[in-house]
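Undergrad: Quick note, the sequences are listed as chains A, B, C and D, same order. Count the first sequence with this note's numbering and you get residues 62 to 411, in order. Count the second sequence with this note's numbering and you get residues 7 to 330, in order. Count the third sequence with this note's numbering and you get residues 4 to 508, in order. Count the fourth sequence with this note's numbering and you get residues 7 to 341, in order. Heads up, the beta-carbon is just placed ideally off N, CA and C, and yes, glycines get one too. Take this structure, written in structure tokens, and hold onto it; I'll ask about it next.
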Amino acid sequence: MTALLETPPEAPAARARSLPLWANPRLGLLVLLVVLVVLFTALRPSFLDVDFTLVPMQADISVYVVVGLAQLAVLSLGHMNMAVGRMAAMSAFAMGLAYQELGTPLVVDVLIGLAVGAGLGALAGLVISRTGVNSFVVTLALDFALVGLVSLLYAKATDGVSFGAQPGGMAALRTDTFADYCAGNVCGPPVPLIVPIAVVAALLVGLLFRWSRTGREILMTGASVKAAELSGIPVGRRVVQAHALSGLLSGLAGFLLAVNNGAFSAGIGDAFLLPSFLAPVLGGTLLVGGAVSVLGTFLGATITQVIYKGLNLLQFQVDQLKLYIGLVLIVALSLDRVRHVLAERRGARA
Amino acid sequence: KKSDDASSGSKTLTPAQVKLALVPGGAHPYFQPWKAAGDKAKTDFGLGDVTFNETSGWDQTKQNDVLTSLAAQGYNAFGIFGVAPENINNTFDNLKQKGFVVGSLASCPAGDTDKADFCLSTDVQQAAYKAAKAAIEAMGGQGNLVHLTGNKVDSNTQRRIAGVQKAVDEAGGKVKVIDTITDIDTDLQTAQKAVADLLAAKGTQINGIVNTAYNPAVASAAGVKQAGLPIKVIAIDDDPTIIAGVKDGSVAATVLQNPVGQAYVGGYALMKLAGGCTMKTPGVVVDSGSFVVTKANVDSYDTDRQAKTDSLKSDFDAQYLTCK
Amino acid sequence: MILSASGLVKTFPGVRALDGASLSLAAGSVHALLGENGAGKSTLVKILTGVYRPDGGTIELDGKPVHFTGPLDALRAGIGVVHQERNLVTEFSVAENIVLHHLPRRFGVVRRSRVRDEARRCLDLLDLDLDPDAPVSTLSVAQAQLVEIAKALSVDNRVLLLDEPTASLTGDEADRLYAIVRKLTGSGHAVVLVSHKLEEVFAVADTVTVLRDGRSVAEGQPLSAYTRDEVVDLMVGRAHAAVSLAARTPLSSDAAALSLTDVATSYGHADVSFDVAPGEIYGLYGLVGAGRTELAKALLGLGSVTAGTVSVHGTPVRISGVGEALRRHRIGYVTENRKEEGLFLEQPITRNIGVTVWHRLTRLGLIRDRAEASLVDDYRQRLGIRLATPKQLAGQLSGGNQQKVSLAKWLAADCGILIVDEPTVGIDVRTKAAFHELIAGLAGQGMAILLISSDLPEIVTLADRIGVMAGFRLRGELPNDGDYERMSQSIIRLIHTPLIPAAPH
Amino acid sequence: MTAVAFSPRVFRTSEFTLGVVAFAGFVGLTIATSGNMLSAGTLAAFFRFLAVPMVIGLAQMVVLAIGQMNLSVGVLTGFCAMASAWLMIEAGLPAWLAVLAALALGALVGLVNGLLVVFTRINAFIVTLATMTIIEGLRYGVHGPDTFQDYSPGLVRLGRASILGLPVVFVVAVVVAIGVGLFFARTVAGRHLLASGGSPFAARLSGVSNDRSILLAHALSGLLAGVAAVLTVALSGSVNASIGDDLLLPSFAAPIIGGVALAGGVVSVTGTCLAAFLVRLVDVARAQFGIGQQWVDLIVGAVVLGVVLIGAVRGKLASRPSRPATSAGSSRRTS
Ligand SMILES: Nc1ncnc2c1ncn2[C@@H]1O[C@H](COP(=O)(O)OP(=O)(O)OP(=O)(O)O)[C@@H](O)[C@H]1O
Ligand SMILES: Nc1ncnc2c1ncn2[C@@H]1O[C@H](COP(=O)(O)OP(=O)(O)OP(=O)(O)O)[C@@H](O)[C@H]1O
Ligand SMILES: [Mg+2]
Ligand SMILES: [Mg+2]
């Protein structure tokens with residue numbers, strides 16, 4: 062069969078030029094990040110204060126990166142998870158309950174909680190894939206149902222709204238940085254202990270979507286359900302898996318927040334919804350599915366936290382703070398667009 | 007490891023070195039008097055600086071962020087209304103570990119421990135109890151009561167519910183709580199809708215409404231007035247709209263707290279602590295007082311409150327603080 | 004000249020689609036625009052209708068230069084167009100789609116009765132019996148295409164550009180379209196016809212422009228000056244050897260690779276029985292709407308087989324989905340609807356081809372990009388896929404090259420049984436011949452091929468046996484003797500014989 | 007060949023399903039409350055507080071129609087409400103002027119949203135997320151956390167008045183809904199907007215300006231938020247910076263339960279209004295039976311899922327191929 066078709070004349074090499082490096086959207090975000098850091102440091106040198114700025118900021122970024130990844134897991138399908146916050150709350154509840162009832166060590170509690178999160182996600186995925194109902198609706202309804210359930214459960218299992226006792230190790234995760242652990246004179250960097258958890262999660266998610274078959278098939282399902290089905294991809298199973306992953310990551314985010322706040326409580330996840338979209342979408346993940354950017358999500362979460370921290374240091378009052386957050390976002394995004402458009406134009410002319 | 011050593015040695019500060027931050031849980035009318043009270047504390051006690059920051063947005067994560075930002079800016083004394091009473095001890099703990107003085111203002115941590123130096127707050131259970139008492143009295147000692155309040159997953163709400171229950175129990179069966187509606191303090195319209203639906207459903211059976219949150223208070227005062235029902239409304243705080251209601255009779259009574267005292271005396275105590283004093287009982291809970299205001303005392307209540315504030319200040323000197 | 008363009012240049016990221024193309028159009032004539040897949044025909048059409056703005060070159064209308072800033076400008080200038088892809092608002096009714104660009108209005112309010120009347124008039128032009136109020140989403144591919152044409156006819160355009168208008172139409176429907184085209188040119192309109200069906204082109208067109216690699220190689224010549232082979236030579240750019248397939252002898256085998264006995268499906272098929280042997284090409288012919296695509300989908304488990312048996316290599320099977328068909332039974336399906344079902348338009352070519360075989364390309368659970376890239380390279384050479392880079396998005400390829408990618412994915416999957424649905428719709432002559440060779444070659448290697456096609460010459464060229472389908476039933480089966488005339492007559496006869504109710508079993 | 011089902015088409019729509027559910031719910035609640043539901047007070051309260059959810063659902067619907075979202079509808083409503091109260095109390099404007107100003111402000115902010123989307127080409131979700139925080143700041147800036155009250159007795163009286171037993175605010179909302187319905191069904195601009203939402207490329211090829219559709223949709227969404235603000239100011243008698251916080255999720259819930267596709271191109275005014283009606287029913291049931299909020303959330307979640315599932319099942323049944331096996335070929339025109 063090899064000789065049946067001659068190769069057509071090769072496309073001239075000049076035709077096949079990809080966009081220049083500076084057109085990479087992630088690079089744009091990175092530049093934006095650097096500019097913001099420089100700007101805020103110039104205005105408020107305490108922006109580089111290790112104890113009060115850098116360490117807490119890393120802890121917050123860790124939470125919101127994982128929150129963003131939880132949403133990203135379903136954005137890959139072109140779906141949404143409106144219940145990220147409540148899945149986190151349920152997952153944290155399970156962790157607290159496991160410790161309270163079974164007294165199991167931290168790792169076991171966390172695993173139990175993550176399993177609950179993944180289970181809830183899988184449930185949403187199952188309903189979506191079986192009925193074909195829009196994910197927005199299903200997860201929104203699930204969110205409503207879980208809001209009620211979370212407070213009912215806390216009322217039952219605790220005398221209030223949070224678990225009193227925490228498994229050992231939570232406190233260390235919250236307060237310690239690697240700098241507190243020294244071997245002789247050599248101490249670690251001032252990085253909170255929870256940062257590696259988020260980093261590993263991000264790497265695994267990146268690995269999944271970039272190189273694993275399951276992850277790629279999820280993306281293909283997001284790109285076109287029909288084509289995916291006709292290419293032999295088990296579409297239903299991939300939908301369930303993506304949602305389960307979203308639930309799992311929500312649970313992890315809930316755990317990280319519980320670590321930062323110091324307790325498993327009913328309020329965990331209340332403020333997750335908007336940041337969960339903000340980080341991936343800022344990072345260039347589209348809402349239509351088929352493409353995700355883990356690095357972008359990381360940068361998106363970091364940029365939002367940097368803006369927030371910087372404006373906080375500038376001590377704006379509520380109204381100004383809100384105003385400037387919005388303005389900075391719009392300006393930053395617009396600049397990014399300008400860069401993108403310029404790059405496209407250059408690329409087209411080349 | 008840092009988590010092992012409990013506290014670090016703190017150095018003493020002159021009043022002029024004290025930079026006081028008053029941090030509510032979010033924007034709310036209740037906290038507005040803190041601004042003026044903080045300024046007054048600054049001039050009266052010669053503090054280095056006082057700031058008021060309400061950008062927390064009712065989110066504990068954000069509040070923690072606000073607090074560390076303020077610390078980075080050089081603030082070293084904190085009067086905090088914790089967003090999440092169940093978690094706030096960790097926040098206090100963090101700040102204490104850095105050597106700051108911390109007062110829990112207007113709300114105490116949930117549970118029995120208080121990691122702040124002190125808690126200066128309305129005893130919410132007591133305030134709700136007083137409000138329910140006032141309602142029962144206005145109702146003539148019998149009838150049906152409804153309790154409107156805020157976020158159910160907040161330990162303060164639980165205490166308020168308990169306070170109302172206590173007053174009802176004391177009425178010996180003649181008063182019944184026929185409904186406790188939670189989660190309607192998020193915004194005014196939710197409260198208005200809930201009140202309208204409540205009045206439509208059971209308006210004729212209700213004799214009194216106890217409010218232990220701001221938006222429901224505004225909504226029920228207006229709702230009852232408009233429906234023309236003979237329901238006794240007990241409101242909370244002294245927002246102009248509510249005081250106007252007390253004056254025109256649409257609000258039977260309102261239960262006031264003492265935000266000025268909390269900020270002013272709290273600031274005083276924090277200054278003292280920063281200057282080397284210690285708490286006799288670290289984490290002591292001090293009631294900043296609650297006052298029932300009816301038409302009778304609507305013009306004079308502020309003197310009572312002023313007196314309470316003054317006595318609070320001397321109480322701190324006399325009872326709570328040990329100074330070298 | 005009504006419309007003329009010269010020196011048009013258009014560059015897409017990484018691809019120069021037009022490189023100085025020219026075209027001039029005289030009133031009262033049908034002008035054929037020919038070229039291989041990816042030569043730039045559609046791009047030219049889109050520039051002339053204001054969809055793309057050219058990077059260089061000029062367009063003149065009645066001798067005056069014009070600059071279209073958008074499709075509306077071209078519409079206003081009296082240029083109507085049927086694009087290669089369907090461009091209907093699927094949520095809207097047929098009527099509204101037809102008149103969308105000039106909705107009858109009074110004070111900003113749509114006059115619905117006028118909309119319906121106007122649409123009815125256009126449908127009547129095409130002799131189309133469609134409910135103007137039916138939503139477009141309920142139409143078949145062919146019906147949608149006809150609506151698209153009706154839309155172009157709804158205003159009295161001086162210039163009409165038709166980009167592959169008949170790709171999804173039956174002969175009858177195409178004839179009706181060409182009758183209208185002739186009527187239009189008779190009254191002084193100018194028509195541009197882009198088509199890979201050279202028979203039609205020679206029957207209809209007066210003059211011709213041939214595009215090759217974005218340049219015009221024969222511009223505005225009378226078509227009668229060329230023979231069919233000369234045109235093809237121009238398109239291909241070198242002397243073109245007429246392809247004639249070597250005679251193939253199907254491998255004789257006892258067990259059919261795929262056999263259907265009295266199959267009925269949830270789509271409404273009944274009593275369908277045939278079998279395909281390894282090395283055999285079984286042609287399934289029928290008019291559009293005959294139910295062949297649905298039969299294929301039912302076999303793959305996308306619909307369900309409600310009665311009868313389907314056997315693969317002699318074993319009765321129940322297939323629940325494409326994945327199972329592929330991995331358990333090695334059955335592949337090349338869809339007729341490549342845009343929606345065959346390709347992931349927004350994904351790189353590598354992933355489009357690798358998707359069926361990722362499980363074979365993994366190491367430690369991770370896919371090796373290197374293996375995927377070499378797979379693509381392999382098929383790029385074997386099928387002659389014209390691409391800028393393997394990372395290019397599939398949607399950026401020209402139609403024919405998209406079709407090749409859609410096929411490559413199934414070739415990569417190494418199937419024993421391949422169902423090929425309308426493989427050469429919208430494919431240029433050379434590629435079509437290559438496809439035919441390819442399919443014959445696959446059969447030669449022992450693959451059992453079920454070829455679904457509405458292209459009679461194609462079926463007669465390729466198939467060993469021909470099943471004729473109409474109304475969701477198999478009307479009969481003919482051995483192919485390779486004589487086009489005779490075969491076509493007997494097939495048409497089969498389609499039009501009334502159905503004798505099957506004897507109850 | 008167009009043998010698509012015709013007669014029972016209306017029974018298969020999601021509006022019909024919703025209508026049946028809403029009616030059944032209403033009747034059920036009437037029976038369960040032994041008629042209290044039909045008492046004048048309850049009915050009035052029911053419809054009075056249905057007005058804003060309806061209008062805010064429509065405000066979201068018009069942007070969903072072009073396949074975008076507007077996260078700022080809720081806070082914009084609050085901002086316009088605060089602004090008009092400020093104009094009446096602090097600036098001393100007459101009520102009618104303040105009302106017009108609120109509407110204009112809403113439309114203007116919406117237009118700005120649209121302009122940002124068109125000129126930056128940033129996803130509307132993100133643009134409106136950013137403007138949402140900006141407007142939140144502005145809303146707070148008007149009067150801090152304090153409450154405006156006693157602005158215009160006339161306006162408030164109007165907000166509490168009834169025509170033929172129906173609250174004026176509800177009647178206004180219905181008129182607005184009809185207007186929006188007619189806009190999408192009958193006007194050229196509305197049809198173009200829908201075409202842009204359904205298939206932007208096809209619309210562009212037909213000479214429709216997608217940019218104009220985007221601007222129009224966002225401006226209209228803002229205007230409707232302005233209407234919601236005016237209704238709020240009129241019916242509640244007091245407003246503060248918390249107004250609008252509870253509107254974002256309902257703004258999505260109503261159109262989506264009502265059958266509006268997130269992808270754009272489809273709107274359903276009836277469905278949106280019916281969905282708002284359903285959610286309101288749950289509110290009232292809660293008040294009538296003193297159900298805890300947690301249970302309400304659970305019930306709303308269940309109802310939403312239930313309605314949607316029923317819709318999906320109906321859809322599946324309706325689209326099941328029902329082609330007659332024997333005479334399909336001959337009856338269809340295949341020439
Ligand atoms: N939007 C686009 N982005 C990038 N490249 C494109 C785009 N549209 C077309 N191309 C490229 O431009 C070249 C010309 O494409 P065009 O569609 O004009 O070919 P064609 O002659 O119409 O082919 P066919 O006969 O297959 O329809 C092709 O190489 C194609 O890949
Ligand atoms: N009368 C009809 N009503 C509704 N849908 C129809 C009707 N006729 C055809 N269709 C649908 O239109 C789609 C396209 O059908 P198409 O015209 O391509 O024929 P087909 O059934 O695929 O047969 P073939 O492959 O033989 O052409 C199919 O999914 C079919 O279900
Ligand atoms: Mg083309
Ligand atoms: Mg077909």
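Compare the Cα-Cα distances from A/SER395 to each of A/LEU317, A/ALA259 and A/LEU343 and report the closest residue.
TA: Measuring from the Cα of A/SER395, the nearest candidate turns out to be A/LEU343.
Undergrad: In its own chain, which residues sit with a C-beta less than 7 Å from the C-beta of D/THR36, not counting the 5 before and 5 after it?
TA: Correct list, in chain order: MET43 and LEU44.
Undergrad: Beta carbon of D/ILE141, beta carbon of D/SER78: below 8 Å?
TA: Closer than 8 Å, so yes.
Undergrad: Is C/HIS362 buried or exposed, if buried means 16 or more other CB atoms sit within 10 Å of its CB?
TA: Label assigned to C/HIS362: exposed.
Undergrad: If we define contact as Cβ-Cβ less than 8 Å, is D/ARG350 a contact residue for chain B?
TA: It is not possible to answer for residue 350 of chain D, since the shown part of chain D is limited to 7 through 341.
Undergrad: Does the distance from the CB of D/SER158 to the CB of D/ALA101 come in under 8 Å?
TA: Yes; because the gap between Cβ atoms is below 8 Å, this pair is in contact.
Undergrad: May I have the straight-line CA-CA distance separating D/PRO327 from C/ALA273, to the nearest angstrom?
TA: Unreliable positioning characterises D/PRO327 in this predicted model, as indicated by a pLDDT of 44, which lies under 50. The coordinate reading is nonetheless provided below. Each residue's Cα considered, the two are about 14 Å apart.
Undergrad: State whether the stretch 271 to 285 of chain B contacts the stretch 4 to 11 of chain C, with contact taken as three or more CB pairs (one from each stretch) at a distance under 8 Å.
TA: Touching, no, given that fewer than three Cβ pairs across the two stretches are closer than 8 Å.
Undergrad: Residues of chain A with CB closer than 9 Å to the CB of D/ASP303, please, in chain order.
TA: Chain A residues near D/ASP303: ASP204, PHE205, ALA206, LEU207, VAL208, GLY209, LEU210 and SER212.
Undergrad: To the nearest angstrom, how far is the alpha carbon of C/LEU414 from that of C/ALA376?
TA: Going from the Cα of C/LEU414 to the Cα of C/ALA376 covers about 15 Å.
Undergrad: Which residues share a DSSP beta bridge with C/PHE110?
TA: For C/PHE110, which the question treats as bridged, DSSP gives no partner whatsoever.
Undergrad: Can you pull the chain D residues whose beta carbon is under 8 Å from the beta carbon of C/PRO74, in chain order?
TA: The answer, in chain order, is ARG210, LEU211, SER212 and GLY213.
Undergrad: With a threshold of 8 Å between beta carbons, is A/MET231 in contact with chain C?
TA: Not one chain C Cβ lies under 8 Å of A/MET231.
Undergrad: If you compare alpha carbons, which of A/MET281, A/ARG298, A/PRO295 and A/SER311 is closest to A/ALA259?
TA: Residue A/SER311 is the option with its Cα nearest to A/ALA259.
Undergrad: Is the stretch 104 to 123 of chain D touching the stretch 162 to 180 of chain D, taking contact as three or more C-beta pairs under 8 Å?
TA: Contact fails: fewer than three Cβ-Cβ distances are below 8 Å.
Undergrad: So if DSSP puts B/ASN182 in a beta bridge, which residue, or which two residues, is it bridged to?
TA: According to the sequence as given, residue 182 of chain B is Lys; it is not Asn. Partner(s): B/ASN150.
Undergrad: Report the rounded CA-to-CA distance for C/VAL204 versus D/SER215, giving the unit in angstroms.
TA: C-alpha separation (whole angstroms): 35 Å.
Undergrad: With a Cβ-Cβ cutoff of 8 Å, do A/ASP112 and B/LYS104 count as a contact?
TA: In contact: A/ASP112 and B/LYS104 (Cβ atoms closer than 8 Å).
Undergrad: Spatial neighbours of D/LEU398 within its chain, please: C-beta separation below 6 Å, excluding the five flanking residues on both sides.
TA: The question about residue 398 of chain D has no answer here: the residues shown for chain D are numbered 7 through 341.
Undergrad: In chain order, what are the residues with a CB under 7 Å from some non-hydrogen atom of ligand 3?
TA: Those residues are C/LYS44, C/SER45, C/GLN87, C/ASP166, C/GLU167, C/VAL197, C/SER401 and C/GLY402, given in chain order.
Undergrad: Would the stretch 347 to 358 of chain A count as touching the stretch 337 to 357 of chain C if we require 3 or more Cβ pairs under 8 Å?
TA: Touching, yes.
Undergrad: How many Å lie between A/LEU201 and A/LEU268 at the Cα?
TA: Taking the straight line joining both Cα atoms gives about 29 Å.
Undergrad: I'd like to know whether the C-beta atoms of B/LYS46 and B/TYR270 end up nearer to each other than 8 Å.
TA: A contact, by the Cβ cut-off of 8 Å.
Undergrad: In whole angstroms, what separates the C-alpha of C/ALA245 from that of C/ILE422?
TA: Here the model assigns C/ALA245 a pLDDT of 48, short of 50, so the residue's position is not dependable and the matter cannot be decided.
Undergrad: Checking the sheet assignment: what are the DSSP bridge partners for C/GLY479?
TA: Paired residues: C/VAL471.
Undergrad: Within the same chain, show all residues whose beta-carbon is closer than 6 Å to that of B/PHE322, passing over the 5 residues directly before and after it, in chain order.
TA: ALA275, listed in sequence order.
Undergrad: What is the residue span of the beta strand (DSSP E) that B/VAL261 lies within?
TA: 259 to 262 is the span of the beta strand (DSSP E), which, as asked, contains B/VAL261.
Undergrad: Where do the ends of the alpha helix (DSSP H) carrying D/ALA225 lie?
TA: That run of the alpha helix (DSSP H) goes 216 to 242.
Undergrad: To the nearest whole angstrom, what separates the beta carbons of B/LYS136 and B/SER296, a pair I think is in contact under 8 Å?
TA: That belief holds up - the Cβ atoms of B/LYS136 and B/SER296 are roughly 6 Å apart, short of 8 Å.
Undergrad: C/CYS418: buried (16+ other C-beta within 10 angstroms of its C-beta) or exposed?
TA: Label assigned to C/CYS418: buried.
Undergrad: I need the boundaries of the beta strand (DSSP E) containing B/LYS25, first residue and last residue.
TA: From DSSP, the beta strand (DSSP E) with B/LYS25 extends over 25 to 29.
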